[in-house]
Every structure is written in structure tokens, then in C-alpha cells.
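Undergrad: One structure is given below, represented as C-alpha cells, and several questions about it will come after.
Protein chains: 2
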Amino acid sequence: MRLKLDISNIQGFLSDGQLSELRREAGEALKRLSSGSGAGAEFTGWMRPLDKGPELELIRQNAGKIQKESDALVVIGIGGSYLGARAALEFVKSPLYNAFDKDTPDIFFVGNSMSPDAINETIALLGDRDFSINVISKSGTTTEPAVAFRVFRSMLEKRCGREASAKRIYATTDREKGVLRAMARQEGYQCFAVPDDVGGRYSVLTPVGLLPLAVAGVDIDEMLAAARGVFERPCAGDTDDPVIGYAAARSGLYRAGKRVEILAAFEPSLRFVCEWWKQLFGESEGKNHKGLFPASVINTADLHSMGQYIQDGERILTETFLKVEKGHGDITVPDMPDYADELDYLSGRSFTWANHQALAATQTAHAAGGVPNMRIDLPDRSAGSFGELVTFFELACAVSGYMLGVNPFDQPGVEEYKKNMFSLLGRPGY
Amino acid sequence: MRLKLDISNIQGFLSDGQLSELRREAGEALKRLSSGSGAGAEFTGWMRPLDKGPELELIRQNAGKIQKESDALVVIGIGGSYLGARAALEFVKSPLYNAFDKDTPDIFFVGNSMSPDAINETIALLGDRDFSINVISKSGTTTEPAVAFRVFRSMLEKRCGREASAKRIYATTDREKGVLRAMARQEGYQCFAVPDDVGGRYSVLTPVGLLPLAVAGVDIDEMLAAARGVFERPCAGDTDDPVIGYAAARSGLYRAGKRVEILAAFEPSLRFVCEWWKQLFGESEGKNHKGLFPASVINTADLHSMGQYIQDGERILTETFLKVEKGHGDITVPDMPDYADELDYLSGRSFTWANHQALAATQTAHAAGGVPNMRIDLPDRSAGSFGELVTFFELACAVSGYMLGVNPFDQPGVEEYKKNMFSLLGRPGY
Chain X
95 MRLKLDISNI
105 QGFLSDGQLS
115 ELRREAGEAL
125 KRLSSGSGAG
135 AEFTGWMRPL
145 DKGPELELIR
155 QNAGKIQKES
165 DALVVIGIGG
175 SYLGARAALE
185 FVKSPLYNAF
195 DKDTPDIFFV
205 GNSMSPDAIN
215 ETIALLGDRD
225 FSINVISKSG
235 TTTEPAVAFR
245 VFRSMLEKRC
255 GREASAKRIY
265 ATTDREKGVL
275 RAMARQEGYQ
285 CFAVPDDVGG
295 RYSVLTPVGL
305 LPLAVAGVDI
315 DEMLAAARGV
325 FERPCAGDTD
335 DPVIGYAAAR
345 SGLYRAGKRV
355 EILAAFEPSL
365 RFVCEWWKQL
375 FGESEGKNHK
385 GLFPASVINT
395 ADLHSMGQYI
405 QDGERILTET
415 FLKVEKGHGD
425 ITVPDMPDYA
435 DELDYLSGRS
445 FTWANHQALA
455 ATQTAHAAGG
465 VPNMRIDLPD
475 RSAGSFGELV
485 TFFELACAVS
495 GYMLGVNPFD
505 QPGVEEYKKN
515 MFSLLGRPGY
Chain G
95 MRLKLDISNI
105 QGFLSDGQLS
115 ELRREAGEAL
125 KRLSSGSGAG
135 AEFTGWMRPL
145 DKGPELELIR
155 QNAGKIQKES
165 DALVVIGIGG
175 SYLGARAALE
185 FVKSPLYNAF
195 DKDTPDIFFV
205 GNSMSPDAIN
215 ETIALLGDRD
225 FSINVISKSG
235 TTTEPAVAFR
245 VFRSMLEKRC
255 GREASAKRIY
265 ATTDREKGVL
275 RAMARQEGYQ
285 CFAVPDDVGG
295 RYSVLTPVGL
305 LPLAVAGVDI
315 DEMLAAARGV
325 FERPCAGDTD
335 DPVIGYAAAR
345 SGLYRAGKRV
355 EILAAFEPSL
365 RFVCEWWKQL
375 FGESEGKNHK
385 GLFPASVINT
395 ADLHSMGQYI
405 QDGERILTET
415 FLKVEKGHGD
425 ITVPDMPDYA
435 DELDYLSGRS
445 FTWANHQALA
455 ATQTAHAAGG
465 VPNMRIDLPD
475 RSAGSFGELV
485 TFFELACAVS
495 GYMLGVNPFD
505 QPGVEEYKKN
515 MFSLLGRPGY
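Sequence order for the protein chains is X and G. Every letter in the first sequence is one number past the one before it in our numbering, and letter 103, counting from 1, is 197. Every letter in the second sequence is one number past the one before it in our numbering, and letter 69, counting from 1, is 163.
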């Protein structure tokens, strides 16, 4: 595992004794998780990432088919069927992936809102280009993806008829049950399985995330190998295990009265990594009136907006910094001695260096201001780094959930809104 | 004023008696603000939005010149010199403004991070197209915009020399002082003033926001007229004044123990309105270890990620919903009775209707779960609605700050990070 954790900036907020006891507790929780004896153990399939085999081969084959046949892939999904793939695409490729010339299809994420303007814009940008659809829904009845699927299915059907359009539709859904699986059987859609033992927010390294990512040319083999590496880390359960360190520290800070954890990234390409993380931790821990509220900032931009509050607002904050050692490229500040901009002290300096200095300055200032913080170092923006990061977070999240005394794999609170929503939409039976 | 406020979902969290006392207090604060007798009164120039006159005429003329000469405008700024213009562009036009064919130049926002990848991507997307630069910085020494200005200035200079490139550079800066003003004098840049009596986060309706927005074809006259309308609202200071209602309710909820305010939008085009709002409130209130922590969600996407926490996590949350009555268009769910998708109950229904039902369902579910909430209704995504909304928020923010006992116009906590940053970057004198 190349990912590193630094928790030196929580000194002064948790004592060595407290931290050592917290680590012991986290180690116990990790044992329960690994042995399948904790709450929700039936949803720990994500702990066995896909390796060689027919399922991966099927993903690769169909990704190749989509790349050959289509200029764009419309990915329909919400929540766990959306955030992971988008996070990986933006991290490994770019938040502006579609704007660049490339050999792989554009990717449009839809079905993640009910906004008419958002869906109309996607339709306008697709224009008359050839597109395929990957509809991702365990049940097939979740409103947002279901109505978006109708819109884009009807577009395809108008262009080339029901039979031909069925050949362009790829359904990632339950292995046996549900409306979408039934439709897929009837229409003959190529199918991929959402595993029974993996909840939505833990599913990015299953076909849910892997098919669209393979279409976009992300190296899914590297991603999966790195994820497997996390489970095989020699330090697992030890004092220097980053999984243990992160879970122990954040749990301790919560018990010490902190109420908000801010994930602070210093790269716009990590925005959806932060959004994915918010679902992972918020949905896993936010129950029984407990849990750290997950928030995020993208610095240095947000230092100039949220910086004041973090430095000097309510002291209920803890922060976790995400540092990328090396981006896809670098650039230096041009030497322009002729200008009176008083910036010569930075001439020839690289943006990467300045960005890392800003991160260090922020860590120090916030710790001094009463915000304990940690840092996770990623070597680069590779598929492997992404695979490591999400697996690290998933493990630490499950361990944190056990330390909090909740089931990190259910989401009972989402039902309340869904019931109200179905009732207001007039769905039969609600 | 067409904007409306509904606070019926705070019943059960604040009594009528409490609310009435809070309104009285908010009224007093508004009087202090309006009479210029409160803290920071020297920074209330935003209360007199630009009307006819040479400054607006200069903006219009130069916007026309940029539109004629350039395919793209590179807007360099951070914090208050960035978020307002981007919020308006995405709200009134589109978050994907650059992706569409149009008569107006592309707009690239840079200088808002130290990410090498982000700046390299902008350079790649600009390619060899003609571009102009609008550099926005009161002092000219803030690191991020200063280094970005070097990068893009050097690009222009390599293409057409120092003199010709100076004609493509527009500086929005202090009227008299500072590095950027001095450079502009020396090089002959066209200048626009950042007014002395308007802080960064209150500056969107000054030349800071108006020039790039005029270049993008946003109707700045409509925006300013709507802003003036807010100051002339007949209900100002009354019980039914939305400014009073919002400031009173959120202040009361903070005193009642709530610690996080979530701005919940139901349109992706409002994402940067939320980011702008976070700076406005976070930087105005987050001091002396006080203030509501500002967070945001974009629904319905985030109902499927943050929904569980909001419904059932720590009960420290309050929520403010943003509803847009009518977007730029609509779309209906296609009638496809032949398919077994169990969705016929929505056939022919509009997305706008479904989105509004989702919002209503969420308000009810969250209030029932212990999250008091309010709703702000905007008629549409027009420039006028934007002008009203930001002015409404600015007024309510200043009033809230006075109720909290802080100066809503300073930002002492930002200095700590800036000092550390300059020192780590090796700036002379630090």
C-alpha cells in the first residue's frame, strides 16, 4: 500500500494514552469486520475485490464494444450507482473529461436529479451522436434513474427501433430480482450484476463502477490490484496501520466533542472523491442521532471562502487533508522580472511545490486555531491510487461504524423520504 | 421583490413568542445596518447598487470589445473575486456554459487554486484561440491570482508582444493603491474599481462580477434593478419581511443549539450559488468561536448520499431549501406503456412537478426527523432572480451577524493562514 497517513496534528487534542486505547478498540472492530462477526456482515462482499474471471472479462468485452459503437455513454444512476464512477473518472482522467479530444466515448451522468434543465442540457450536448446506455439500479424502481432511463430509452428507440436500441442498453442490476432485471430479460439487455453482498456506497469496484470506467479507458485492472493490496497490507491491525490510525483518531475526536469532519482536498479533480466520501461516511455513521457530519472543501479556493470559519468559528471541527504528491503534470511560475508585480520570489517555482506549501501552512494554522487534523498522502492520480484510497476509506468507515455502535451497512433513514416521495408522486400502493 | 420565504417548518423548534422576540431583535439590527451605526459600517457600499452612470457604461463598452475581439475570457480571481460571477453564470446561463455553441466568449475561471493540473487543462482548452484576461484582485498580491496572472500574461505576451497584450488585459482592482493598480498604470491596462466600501464577499454586483457577466451575455441591468428593488421593498423591517424572517429564524435556531445550516438546492445550476453563500455566511459569522457552519447539498442527488445523515444523524442541523419555480425549460416522462418498468404512474408528468414534489417530501421528512427547515422560492433562473437572491442573502447575513454580536464585514481569521503561507513560500518580509 503506497497511501500514507499522518496524524501528528491531533497531538494536543487526544493524549497518547487515549489514542493507544482507541487503537486497541479499532483493532477489535477490525477483527469483527474481518471475521464476519459484526453487524451487517452479510454486506461485506466489497472485501473480496474482483480478480481474474469471467465477470471481469465480460466487462472488458462490452466496454470495447461500447467504445467501438458509440461516441458517448449515458450512465444512469444515483447515490452509490453514480458517485464512485464519477469520482474515479474525475480523479484519474479529469473533471473536464468530456471537453477534451480523446479516443474514448464521452461519459454523461444522468438520472441523479429531477432537474429538467440538467436533463435537457445532456440531450442537447448528445445531439445526434451515437450513444449507448448503462442503466445502474439494484431494484429498477428508484425514481430518478427510472424516469431518466425512460427519456434516453425513448430517444434511442425513436432513432433505431426497440430491437436495435436494446443492443445499446447495458443494465447493471440485481442478479435475479427486480423490475430492471425483468425488463432486461424481456428486452434482451446485456446484464451485469450488483452483488447481493455489497451495498451501494461500497460498490464502486464492482460492475457498478467498473463498466463505465473501462469505457472511459480507466485501467480497472490496476485499480482492482491496488484494492486487493490494501486487504493484504502487512501492517493490518497493527499500531502503524493507517486504517486503524484513521478510524481511531476520528472516533476519538468525535467522542471529544467534535461534530463535523471536513475532507480538505487541494485539487479540483478530487471534488467527487469528496462527494463519494460524504456518502460513504454520512450514510454509514449518520444514524441513531450520532456521527460526524461529513463536509468538504476544495482548496486553495475554499480557504478564501470557508477559511475564516474553519480558523475561528465554532470549535466543533476536525479536518482530514488529502494530498496528491504528483499530479498529471506541473507548471512553473514564469520569470518576468520586468513587471512590478512583486512576485519574483516565486519565479521558477512549481505549482506543485506552492500547492504543497499551502497545504502545510493550512494544517499548521488550523491546528493552532483549534482544529485537529490529519493528512492522507496519495502518490499520484493513477487508477491504483484511487483503488487504494476508496478501499482504505471503506475499511476505516466500517471500523469507525463499529466503534460508534452502529451498523455501517444499512440506511434506515433514507426510507422516510422515499415513502413521502412515492406518496406525493402518486405511486400505487403509497 | 418576487422572492418568497416560508418558515412554517420551524414550528415546533421555536415558539411564536421566541420568534416574535427574534424578529424584533432582527428589526433593530436592520436599523443599525441601514443607519450605518453598526460595526463595519464603512463596508456597506453594496447597499447602494450601481445605477445609470459612466461606470456601468464603461463595463458595457469593454464587454462589447471583449466579445468582438476574443473567443474566450480568462477570469482570474479567488474568493469574492470568483464565486459571485461563477454563481451568476451557472445560475442564469448554465454550469456547462462553455460546452454549448453561442455568440459570447467562453469563460475560464482560473487563479482560484494552486493546482498544476487545473491550470494546464485551461491552457489546453484555450488552445490557440484569441483570449482576453480579466484579472480581479484588490491588492494584486494574493498568491493564487498573482501567479495565474503571470502564466496567462506570459502566454499573451509570447503571442503578440507586451504592448498588444496589454490591450487585452482588464484589471479590476483598488481605485488608487496596490501592486495591480501600479502595474495597470505602467502597462496601460483598462481598469475597473473594486469599491473601497465593499468587501470581497459582498462584491458580485460591482465591476468584480459585472464585467465577466456582461461578457457572457448576462443581463446586468436586470440584475442591478432587481437588487435595487430589494432595498426598496415596502415590507422592509416588518414582520413579513423575508430578510427579517430568515435572519430571525436562523439566529434563533443557532441559539437553540443548531450548529450547521445546510443550503439545499434542487438544481445543479445552483451549485455555485451555494458556494457563494457559504463564503458570505461562513466568513461573516464564523469568528470568536461562533456561528452556524455553512454546508450545502444539491438534491435530489445528495438525498441519496447525505440524506441518511440529515434524517437521522446528530440533531445539530438546520436546513434552508432553495426552490426554483420555473427553470429554463421542462420535459415530461415519456409514455411507454409497453415496458414492464412499473413507471406508468408518472407517464406525462413533468420533471419540474416531480422535482417540486421531491422537495416537499424532503421538507416534511426532515422536519419530522428533527431538522427545522425553511424555504426560499425563486420565480426563475433570470438575472433578476439572481440579483434579488444575492441581495436578500447579503442583507440577512449582515443582520444575522449583528444578532450574533460579530462584525459581519471583517475576516481576521484568514490572516493566520496567509501569514503561514507567505512565510512557507519565502515571500520577503514574512
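Note that CB positions come from ideal geometry on N, CA and C, so glycine has one too.
Would you check if the distance between the CB atom of M69 of chain G and the CB atom of F415 of chain G is smaller than 8 Å?
TA: Nothing about residue 69 of chain G can be read from this structure; chain G reaches only from 95 to 524.
Undergrad: Listed in chain order, which residues of the region 171 to 187 of chain G have Cβ atoms closer than 8 Å to some Cβ of chain X?
TA: Residues I172, G173, G174, Y176, L177.
Undergrad: Give the C-beta separation of D291 of chain G and T485 of chain G to the nearest angstrom, bearing in mind that I take them to be a contact with Cβ-Cβ under 8 Å.
TA: Rounded, the Cβ-Cβ distance is 16 Å, inconsistent with contact.
Undergrad: For V168 of chain G, return the contacting residues in chain X, with the cut-off set at a CB-CB distance below 7 Å.
TA: Those do not exist, as V168 of chain G stays about 15 Å from chain X at its closest Cβ, beyond 7 Å.
Undergrad: For a cutoff of 8 Å on Cβ pairs, would you count P362 of chain X as touching chain G?
TA: It does: the Cβ of P362 of chain X has a partner Cβ on chain G nearer than 8 Å.
Undergrad: Give the straight-line distance between the Cα atoms of E109 of chain G and A343 of chain G, rounded to the nearest whole angstrom.
TA: Contrary to the premise, residue 109 of chain G reads as Ser rather than Glu in this sequence. Taking the straight line from one Cα to the other gives about 11 Å.
Undergrad: Please work out which residues of its chain come closer than 7 Å, Cβ to Cβ, to H460 of chain X, disregarding the five sequence neighbours upstream and downstream, and give them in chain order.
TA: Closer than 7 Å at the Cβ level, and outside the excluded window around H460 of chain X, lie I404, Q405, E413, N467.
Undergrad: For R244 of chain X, would you say it is in contact with chain G, using Cβ-to-Cβ distances shorter than 8 Å as the test?
TA: Closer than 8 Å: yes.
Undergrad: Could you tell me whether the Cβ atoms of E119 of chain G and S399 of chain X are closer together than 8 Å?
TA: Cβ distance not < 8 Å, so E119 of chain G and S399 of chain X don't count as in contact.
Undergrad: In the region 401 to 413 of chain G, which residues sit with their C-beta less than 9 Å from some C-beta in chain X, listed in chain order?
TA: So the list reads G401, Q402, Y403, I404, Q405, D406, G407, E408, R409, I410, L411, given in the order they occur along the chain.
Undergrad: Mind pulling the chain G residues with CB within less than 8 Å of M277 of chain X?
TA: Chain G residues near M277 of chain X: Y433, A434, D435.
Undergrad: In its own chain, which residues sit with a C-beta less than 7 Å from the C-beta of V273 of chain G, not counting the 5 before and 5 after it?
TA: Once the five neighbours on either side are set aside, the close Cβ partners of V273 of chain G are S233, G234, T235.
Undergrad: I think P506 of chain X touches G421 of chain G, with their Cβ atoms under 8 Å apart; what is that distance to the nearest whole Å?
TA: Actually they are not in contact, since the Cβ atoms of P506 of chain X and G421 of chain G sit about 33 Å apart, beyond 8 Å.
Undergrad: If we cut at 8 Å on Cβ distances, does P210 of chain G have a partner in chain X?
TA: It does: the Cβ of P210 of chain G has a partner Cβ on chain X nearer than 8 Å.
Undergrad: Using CA coordinates, which residue listed in G:Q161, G:W371, G:G323 is at the minimum distance from V312 of chain G?
TA: Of the listed residues, the one whose Cα sits closest to V312 of chain G is G:Q161.
Undergrad: For N206 of chain G and S441 of chain X, I'd like the C-alpha separation in whole angstroms.
TA: Between N206 of chain G and S441 of chain X, the C-alpha separation is close to 19 Å.
Undergrad: Taking the alpha helix (DSSP H) that L453 of chain G falls in, what are its first and last residues?
TA: Where L453 of chain G is concerned, the enclosing alpha helix (DSSP H) stretches over 445 to 462.
Undergrad: Considering only C-alpha positions, which residue in the set X:L99, X:I153, X:D424 is nearest to Q284 of chain X?
TA: Nearest option by C-alpha distance: X:I153.
Undergrad: If you draw a straight line from the C-alpha of I101 of chain X to the C-alpha of G339 of chain X, how long is it?
TA: Going by the C-alpha atoms only, they are around 8 Å apart.
Undergrad: Under a three-way DSSP split, which group does D396 of chain X fall into?
TA: Correct three-state label for D396 of chain X: helix.
Undergrad: Compare the C-alpha of K504 of chain G against each of G:N382, G:L190, G:Y191, G:L307 and name the closest.
TA: Here residue 504 of chain G turns out to be Asp, not Lys, going by the sequence shown. Ranking the options by Cα distance to D504 of chain G, first place goes to G:N382.
Undergrad: How about the region 218 to 226 of chain G and the region 262 to 278 of chain G: do they share at least three Cβ pairs that are nearer than 8 Å?
TA: Contact holds: three or more Cβ-Cβ distances are below 8 Å.
Undergrad: Leaving out five residues on either side along the sequence, give the residues of the same chain with a beta carbon under 6 Å from the beta carbon of V229 of chain X.
TA: Around V229 of chain X: I170, F243, A265.
Undergrad: Within the continuous beta strand (DSSP E) that includes V309 of chain G, where are the two ends?
TA: V309 of chain G -> not in any beta strand (DSSP E); alpha helix (DSSP H) instead, spanning 301 to 309.
Undergrad: Hey, how far is the Cα of N514 of chain X from the Cα of L489 of chain X?
TA: One C-alpha to the other measures close to 33 Å.
Undergrad: In terms of residues, what are the limits of the alpha helix (DSSP H) holding T237 of chain G?
TA: Where T237 of chain G is concerned, the enclosing alpha helix (DSSP H) stretches over 237 to 260.
Undergrad: Along the chain, where does the alpha helix (DSSP H) containing R117 of chain X start, and where does it finish?
TA: Taken as a continuous stretch (DSSP letters only), the alpha helix (DSSP H) holding R117 of chain X covers 110 to 129.
Undergrad: Say yes only if the C-beta of E355 of chain G is nearer than 7 Å to one or more non-hydrogen atoms of the ligand ATP, and no if none qualify.
TA: This structure lacks the ligand ATP; in fact it carries no ligand of any kind.
Undergrad: What's the gap between the Cα of E379 of chain G and the Cα of I104 of chain G?
TA: Those two C-alpha atoms are separated by around 21 Å.
Undergrad: Determine the direct distance from the alpha carbon of C491 of chain X to that of P502 of chain X, and round the result to whole angstroms.
TA: Roughly 7 Å separates the two Cα atoms.
Undergrad: Going by CA-CA distance only, name the one from X:L397, X:M430, X:R521 that's closest to R443 of chain G.
TA: The option with the nearest alpha carbon to R443 of chain G is X:R521.
Undergrad: Are three or more beta carbon pairs between the region 473 to 487 of chain X and the region 166 to 185 of chain X nearer than 8 Å?
TA: Touching, yes.
Undergrad: Leaving out five residues before and five after R322 of chain G in sequence, what residues of the same chain have Cβ atoms less than 6 Å from its Cβ?
TA: For R322 of chain G, where only same-chain residues beyond five positions count, the Cβ hits under 6 Å are P143.
Undergrad: Please classify Y524 of chain G: is it buried, with 16 or more other beta-carbons within 10 angstroms of its beta-carbon, or exposed?
TA: It counts as exposed.
Undergrad: The alpha helix (DSSP H) that contains M277 of chain G, what's its start and end?
TA: From DSSP, the alpha helix (DSSP H) with M277 of chain G extends over 273 to 281.
Undergrad: Using a Cβ cut-off of 8 Å (strictly closer), state whether A389 of chain G contacts chain X.
TA: Yes, A389 of chain G counts as interfacial toward chain X.
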